[in-house]
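Q: First the structure, then my questions, so here it is.
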């Protein structure tokens, strides 16, 4: 079974999510932005979600985590919780 580790930033609006993605592309630190802006408790850990397998996160999240290139920022990804920026930090197939 595939296992991944990822981090994310959860915000309320697509616009804010896109702005944070642009900030990261411009050199801002993902973990620092997560601490400042993420509404998920994981934000205080730089957005780190730890290790998980398929089906352990919401479908939209899984689709990105188990298909995106490792170490690239993906998003905005809309889920029932809001808008996410996702970065897969490792994945084994």
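Numbering (the UniProt record's numbering), first residue to last: 1 to 93. Glycine included, every Cβ here is placed at the ideal spot set by N, Cα and C. Keep in mind it's a predicted model, so treat the numbers as computed, not measured.
1) Given this structure, state the Cα-to-Cα distance separating residue 86 from residue 14, to the nearest angstrom.
2) Tell me which residues share the same chain as residue 60 and place their Cβ nearer than 6 Å to its Cβ, disregarding the 5 neighbours each side in the sequence.
3) If you scan the UniProt domain "PpiC" (1-90) from start to end, which runs of the beta strand (DSSP E) of 3 or more residues do you find wholly inside it?
4) Classify residue 34 as buried or exposed, calling it buried when 16 or more other Cβ atoms lie within 10 Å of its own Cβ.
5) What do you reckon, are the CB atoms on residue 81 and residue 10 nearer than 8 Å?
A: Well, looking at it:
1) What you label residue 86 is simply residue 86 of the chain shown in a count that begins at 1. What you label residue 14 is simply residue 14 of the chain shown in a count that begins at 1. Looking at the two C-alpha atoms, the distance is approximately 13 Å.
2) Position 60 of the chain shown, counting from 1, holds the residue named residue 60. Counting only Cβ-Cβ distances below 6 Å, and skipping sequence neighbours, we find 77, 79.
3) Qualifying beta strand (DSSP E) stretches, in chain order: 3-11, 48-52, 73-79.
4) Here the question's residue 34 lines up with position 34 in the chain shown. Classification of residue 34: buried, given that the 10 Å Cβ count is 16 or more.
5) Translated into positions along the chain shown, residue 81 becomes position 81. Translated into positions along the chain shown, residue 10 becomes position 10. Contact flag set, yes.
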